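Remarks on the structure that follows.
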Amino acid sequence: MFPNAFKYEAPTSIDEAIRLMDEYGYDGKVLAGGQSLLPMMKLRIAAPAVIIDINNLDELKGWSEVNGKLRIGAVTRQSELEHATELRDQFPLLSRTARWVADPLIRNLGTVVGSLVHADPASDWGTAMIALNAMVEAKGTNGNRLIPIDEFFVDTFATSLEENELAVALHLPIPTSLVAARYMKLKRKAGDFAIAGLAVQVAVDDEGRVSEAGIGICACGPIPLRAVKAEEALIGQRLTVKTIEEVSKLVPEDADPADDLRGSTVYKKDLLRVFAARALREIAEELHGKVEVQ
Amino acid sequence: MVNFSYSSNLQGSFERPDGVDKVTANLKFLTDLSFPNMLYGKILRSVYPHAKIISISAKNAEELPGVRAVITSKDVPGLNRFGLIFPDQPVLCEDRVRYVGDAVAAVAAETEEIAEKALQLIEVEYEPLPVIDDPEKALLPSAPQLHPDGNILHQASYQKGNVEEAFQTCDFIVEETYELPRQMHAYMETEGGVIVPEKDGRITVYAGTQHGYKDRFQLARILDIPESKIRVVSSPMGGSFGGKDELNIQPYGALLAIKTGCPVKIHQSRRESVRSGLKRHPMKITMKTGASRSGKILAHQVRIIADTGAYATLGPAVLDFAVEHAAGPYIIRNVHVEGVSVYTNNGVAGEFRGFGGNQVTFALEGQMDRLAAKLGICPMELRKRNLRKADDPGPVGQEIAPTDGAAQVLKAISQSLLLNNKEKREESTSQWKKTGIGVAIAMHGGGLGFGRLDPAGGRISLNEEGKIEISFGFEEFGQGLLSVIEQLAIKEIGCSSNDIKITIGDTDCVPSSGSSTASRGTSMVWHALQRMKGPFKKRLLEKASQCTGVPVDQLYLGPSGIWSCESKTEPLITYQQIAYETKDDPIQIETEFHFPTTPHSIPGGHYLYSFAACAARVEVDVLTGIVRVKNLEQSVAAGPVIYPTGYLGQIEGGSVMALGYTLLEEALMEKGKYVTENFDSYLIPTINDIPLSMNITAIEDLYEGDEYGPRGVGEIGTVAVAPAIVKAIYDAIGLWVTKLPVSREEIVKAVNQREMKEWLTTKL
Numbered sequence: 001m002f003p004n005a006f007k008y009e010a011p012t013s014i015d016e017a018i019r020l021m022d023e024y025g026y027d028g029k030v031l032a033g034g035q036s037l038l039p040m041m042k043l044r045i046a047a048p049a050v051i052i053d054i055n056n057l058d059e060l061k062g063w064s065e066v067n068g069k070l071r072i073g074a075v076t077r078q079s080e081l082e083h084a085t086e087l088r089d090q091f092p093l094l095s096r097t098a099r100w101v102a103d104p105l106i107r108n109l110g111t112v113v114g115s116l117v118h119a120d121p122a123s124d125w126g127t128a129m130i131a132l133n134a135m136v137e138a139k140g141t142n143g144n145r146l147i148p149i150d151e152f153f154v155d156t157f158a159t160s161l162e163e164n165e166l167a168v169a170l171h172l173p174i175p176t177s178l179v180a181a182r183y184m185k186l187k188r189k190a191g192d193f194a195i196a197g198l199a200v201q202v203a204v205d206d207e208g209r210v211s212e213a214g215i216g217i218c219a220c221g222p223i224p225l226r227a228v229k230a231e232e233a234l235i236g237q238r239l240t241v242k243t244i245e246e247v248s249k250l251v252p253e254d255a256d257p258a259d260d261l262r263g264s265t266v267y268k269k270d271l272l273r274v275f276a277a278r279a280l281r282e283i284a285e286e287l288h289g290k291v292e293v294q
Numbered sequence: 001m002v003n004f005s006y007s008s009n010l011q012g013s014f015e016r017p018d019g020v021d022k023v024t025a026n027l028k029f030l031t032d033l034s035f036p037n038m039l040y041g042k043i044l045r046s047v048y049p050h051a052k053i054i055s056i057s058a059k060n061a062e063e064l065p066g067v068r069a070v071i072t073s074k075d076v077p078g079l080n081r082f083g084l085i086f087p088d089q090p091v092l093c094e095d096r097v098r099y100v101g102d103a104v105a106a107v108a109a110e111t112e113e114i115a116e117k118a119l120q121l122i123e124v125e126y127e128p129l130p131v132i133d134d135p136e137k138a139l140l141p142s143a144p145q146l147h148p149d150g151n152i153l154h155q156a157s158y159q160k161g162n163v164e165e166a167f168q169t170c171d172f173i174v175e176e177t178y179e180l181p182r183q184m185h186a187y188m189e190t191e192g193g194v195i196v197p198e199k200d201g202r203i204t205v206y207a208g209t210q211h212g213y214k215d216r217f218q219l220a221r222i223l224d225i226p227e228s229k230i231r232v233v234s235s236p237m238g239g240s241f242g243g244k245d246e247l248n249i250q251p252y253g254a255l256l257a258i259k260t261g262c263p264v265k266i267h268q269s270r271r272e273s274v275r276s277g278l279k280r281h282p283m284k285i286t287m288k289t290g291a292s293r294s295g296k297i298l299a300h301q302v303r304i305i306a307d308t309g310a311y312a313t314l315g316p317a318v319l320d321f322a323v324e325h326a327a328g329p330y331i332i333r334n335v336h337v338e339g340v341s342v343y344t345n346n347g348v349a350g351e352f353r354g355f356g357g358n359q360v361t362f363a364l365e366g367q368m369d370r371l372a373a374k375l376g377i378c379p380m381e382l383r384k385r386n387l388r389k390a391d392d393p394g395p396v397g398q399e400i401a402p403t404d405g406a407a408q409v410l411k412a413i414s415q416s417l418l419l420n421n422k423e424k425r426e427e428s429t430s431q432w433k434k435t436g437i438g439v440a441i442a443m444h445g446g447g448l449g450f451g452r453l454d455p456a457g458g459r460i461s462l463n464e465e466g467k468i469e470i471s472f473g474f475e476e477f478g479q480g481l482l483s484v485i486e487q488l489a490i491k492e493i494g495c496s497s498n499d500i501k502i503t504i505g506d507t508d509c510v511p512s513s514g515s516s517t518a519s520r521g522t523s524m525v526w527h528a529l530q531r532m533k534g535p536f537k538k539r540l541l542e543k544a545s546q547c548t549g550v551p552v553d554q555l556y557l558g559p560s561g562i563w564s565c566e567s568k569t570e571p572l573i574t575y576q577q578i579a580y581e582t583k584d585d586p587i588q589i590e591t592e593f594h595f596p597t598t599p600h601s602i603p604g605g606h607y608l609y610s611f612a613a614c615a616a617r618v619e620v621d622v623l624t625g626i627v628r629v630k631n632l633e634q635s636v637a638a639g640p641v642i643y644p645t646g647y648l649g650q651i652e653g654g655s656v657m658a659l660g661y662t663l664l665e666e667a668l669m670e671k672g673k674y675v676t677e678n679f680d681s682y683l684i685p686t687i688n689d690i691p692l693s694m695n696i697t698a699i700e701d702l703y704e705g706d707e708y709g710p711r712g713v714g715e716i717g718t719v720a721v722a723p724a725i726v727k728a729i730y731d732a733i734g735l736w737v738t739k740l741p742v743s744r745e746e747i748v749k750a751v752n753q754r755e756m757k758e759w760l761t762t763k764l
């Protein structure tokens, strides 16, 4: 189907984009990769009167190190992060997550920040950003602010961005020690949204104890969730068989999945446990070459 | 990187007559057609699964600028009903709706948007009635009556011997209830077309169907005009699988076209298609099967409840077919089958590739595997011990064309790679995955069966242009009928493909051939050509002889014309020349006959059967419950292969469709409303879900003296797949699946409850 008729704006600066957002308010919609927005418009689920296309804004492209953080611009394509070998050591979760997102065609156009702003509870990027403790940089008429990811998602398809605020970048803390990460996801079939998914990133100190842990839960609640209990239980621990078993059981406790066509609550919670165990096991093997029993 | 390997003994590949146009998007489907002054039609369907209609007001819709006509039941001049067996479905509901696909009104407007808007302006006042969403509830005495004769559409049974007594003598008995889901045909092209009022007062219906003449008959009855005033152009279409056999949009388009005097196009959206269209019958089948210690099956008792939805269409025939095939290719002395097809307020169930055979074969083969496990013998051996012999009667005791197909396919599959490569069978891609293998066989009747009008026929002529014109009243919906006609014509007549013109799918110029259903097309084309080729060749040769002076016995038909034994490089006389010579008395041969039926008067009893055996290897992820079919093999006994690519396409495509039926597909309904309205929630297999290797073996030998030629293979490839896959799951994890599609939850639950739990906790 064709979308409703709309007015097209292509600002040439961030300030102009924000001015347009301010002017059109609810009638305007920002276009980045368009991989969620355009299908919704074609299905007439969304019918914005004005499209504000930010793809011409060069300052939103690519990534760089800023104040000890990795700053990723808002129109950076998912496939760019997927294939950025220079990011693999410090940010392994980026490429590991990207592989699970839809298909290569979508990743070639879709942006990470766009996915976050769309705020689908089944967003793989939202889940990964929870694990990475990311912050979203928003710019509005009153200047810039940094929103921690846990405060960014408000509800299904709703974020804490103001109507006239543009998400311009993503900030990821640069790890100071050895990290490993996994993204796990189960779909009913290719191209479908997740039944459930899990993002895990772990940093270990010189003694092999977990110094930082991030675990994001996908498609098991109104927004991407954080497995707080499991994260806390990991800190200071060695990745032993026993720890992994105990921690993996804690992950579902922070999930709130619904019974639906993709599976029952019980099934989805069990999946999260399986994913957590698998992910931590693989991480332990990667970091230490094996999983210690004790 | 995944390596797909597809192999078969089917050699030779030919270009389809419609192939290049299809892959280059040059072929115009009927829904692609447009005409000057064309309007767009839309159908307003019920919002309730069951309700009384208190009033319908179309006034606001009629006044909307751009709306050219609004019709309700009052605008139907003839019989306001349709249905292939008996007409019970309202074209436009008068006072009551019985499912969410029921049509209440229709509009024609200048644009689709206006038509859509107009639908929203039609005010229908309903009084909701209690919804029957389950066939068992429909049978309760307290259930509301959906039709004047109650809620039972049809009952069918078959009995021989005495099962009660026989069960007393059995050493082992298995009893199980199997539940089969509502499957969607999922054709790429949804129902649609254009209906054009012609200057001479006739109408032309450009809309896909599986039997143009039947549509014409039904439309004449609705429109109250003679059949001769209607032309139905019904090919090509983008898939049907049985789903477009019944009327769909044609009556609305025709009524609107006649009322407005303009061509009207209707093309349903996927949601409308799901809501209004046919589905495969959900069935609940209970089977009790008993055997002696030696593995002889002594008794088989079957009860089938089919949910036929709101209206009949071919529901009675589907049930007859299921009852007939409930004992399949096995010879059992005591059999009792009872089937009932029940009206509910669910979506209409009807004709679908396999026609009730898929459901009962799933249950029957499940019984065989459970019995074999109980007896402790090889499931293949159990089947072999009870298998029909060539001269045995058919499954309901009727005389059939002798066939050794059952034994042939079982033997072929037992020699398959899959069953004979132990290492490969057990190879698993991860420690969390368990592999298993399963085999099942199936028997499938062709044609409509005893007591049903099942006419066949065709025409062959030398037309004015010198083309050998072959005409059939069959349809091309992707199955490759055009290729079959072309290949058979080349083989039987001796001409080349350039000499042939094929005409199908147009009631103004094709003979009556019966329906393109029931695996009958290929078979009937072959039969018709056998009847026509002799007289046709004779007429051509006589004329050639007359023109050239060469005796008939030295002439034969070849590429471009008639050749003599002497002529080496070019024909003695071309088809064009003969056409010119015969322009006053064109050569034309027509034939009419009936699909071969059993002489025994068993309603729907078949005479010609095809067989298939399927072996499947699966990998079950014990942690997630995901099942992947890694390898699939099928052996098919359906007589000579006419068009290898098409044959392969039918069996491979059928396998994949059945794989979806087994693992993914269910058109879920809640309280009479579809939950799965589109392909976001109704899942069909994609390239990612299909087996990494498929191997198809065609067994072409017919039983000695069999003169019935090739059987159709449109359906047989879909029948044995589901039971083979679920047996493979049992082989892998020890779970007997009784309900399709296979539930991931059930697998995880079973794994957690079984001895595997220990294995899991130590691994995890």
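If you're matching them up, the sequences are chains A and B in order. If you use UniProt numbering, the first sequence corresponds to residues 1 to 294, in order. If you use UniProt numbering, the second sequence corresponds to residues 1 to 764, in order. By construction, the Cβ of each residue, glycine as well, lies at the ideal position given by its N, Cα and C atoms. Being a predicted model, the structure only gives us computed values, none of them experimental.
Note on geometry: alpha-carbon atoms of isoleucine 195 (chain B) and glycine 514 (chain B) lie some 23 Å from one another. Within chain B, the C-beta atoms nearer than 7 Å to that of leucine 271 (chain A) come from Thr624, in chain order. In the DSSP assignment, phenylalanine 172 (chain B) falls within the beta strand (DSSP E) that extends over 172-180.
Taking a C-beta cut-off of 8 Å against chain B, none of the residues of the stretch 93-117 of chain A qualify.
The CB of aspartate 689 (chain B) comes closer than 8 Å to the CB of Lys189 and Ala190 in chain A, given here in chain order. Counting along the chain, proline 104 (chain A) sits inside the alpha helix (DSSP H) bounded by residues 104-109. Nearest to alanine 32 (chain A) by C-alpha distance, out of A:Gln90, A:Arg19, A:Tyr24 and A:Lys61, is A:Lys61.
Looking at the DSSP output, isoleucine 562 (chain B) sits in a beta bridge with B:Leu557 and B:Ile573.
With a contact defined as Cβ atoms closer than 8 Å, alanine 279 (chain A) and methionine 184 (chain A) qualify at about 5 Å. Isoleucine 562 (chain B) and lysine 214 (chain B) have their alpha carbons spaced roughly 39 Å apart. With a 10 Å radius around the Cβ and a threshold of 16 neighbouring Cβ atoms, glycine 101 (chain B) comes out buried.
For valine 340 (chain B), the closest of B:Thr507, B:His267, B:Arg459 and B:Ile285 by C-alpha to C-alpha distance is B:Ile285.
Short of 6 Å from the beta carbon of phenylalanine 193 (chain A), and not among the five residues preceding or following it, lie these beta carbons of its own chain, in chain order: Ala122. The beta carbon of aspartate 18 (chain B) lies closer than 7 Å to those of Leu27, Pro236, Glu476 and Leu482 in the same chain, with the five residues before and after it left out. Residues of the stretch 253-264 of chain A with a C-beta less than 7 Å from any C-beta of chain B: Leu261, Gly263 and Ser264, listed in chain order. Taking the Cα positions, isoleucine 174 (chain A) is about 7 Å away from glutamine 90 (chain A). Against chain B, the CB of arginine 238 (chain A) has no partner CB under 9 Å away; the residue lies outside that interface.
Assignment of tryptophan 526 (chain B) by DSSP, reduced to helix, strand and coil, places it in the helix class.
Lysine 749 (chain B) and tyrosine 674 (chain B) have their C-alpha atoms roughly 28 Å apart. Within the model, the alpha-carbon separation for glutamate 137 (chain A) versus tyrosine 99 (chain B) is close to 52 Å. Residues of chain A with a Cβ closer than 7 Å to the Cβ of glutamate 745 (chain B) are, in chain order, Gly263, Ser264 and Tyr267. DSSP places leucine 70 (chain A) inside the beta strand (DSSP E), whose first and last residues are 69-73.
Chain A places no beta carbon closer than 9 Å to that of leucine 119 (chain B), leaving this residue out of the contacts. If the five residues before and after threonine 12 (chain A) are omitted, its C-beta is found closer than 7 Å to the C-beta atoms of Asn56, all from its own chain and listed in chain order. Taking 4 residues as the minimum length, the alpha helix (DSSP H) runs contained wholly in the stretch 564-651 of chain B are 575-581, in order along the chain.
Secondary structure of cysteine 547 (chain B) (DSSP, three-state): helix. Pairing phenylalanine 611 (chain B) with glycine 466 (chain B), the inter-Cα distance amounts to about 41 Å. Contact check for valine 67 (chain B) and alanine 109 (chain B): beta-carbon distance about 5 Å, within the 8 Å limit, so the pair qualifies. Annotation: isoleucine 71 (chain B) to isoleucine 225 (chain B) spans about 18 Å, alpha carbon to alpha carbon. For a Cβ distance threshold of 8 Å, nothing in chain A lies close to leucine 735 (chain B): the least Cβ distance comes to about 15 Å. Here arginine 353 (chain B) is buried. Its C-beta has 16 or more other C-beta atoms within 10 Å.
For threonine 260 (chain B), the closest C-alpha among the options B:Cys170, B:Ala69 and B:Leu129 is that of B:Ala69.
The beta-carbon of leucine 234 (chain A) is placed no less than 9 Å from the nearest beta-carbon of chain B.
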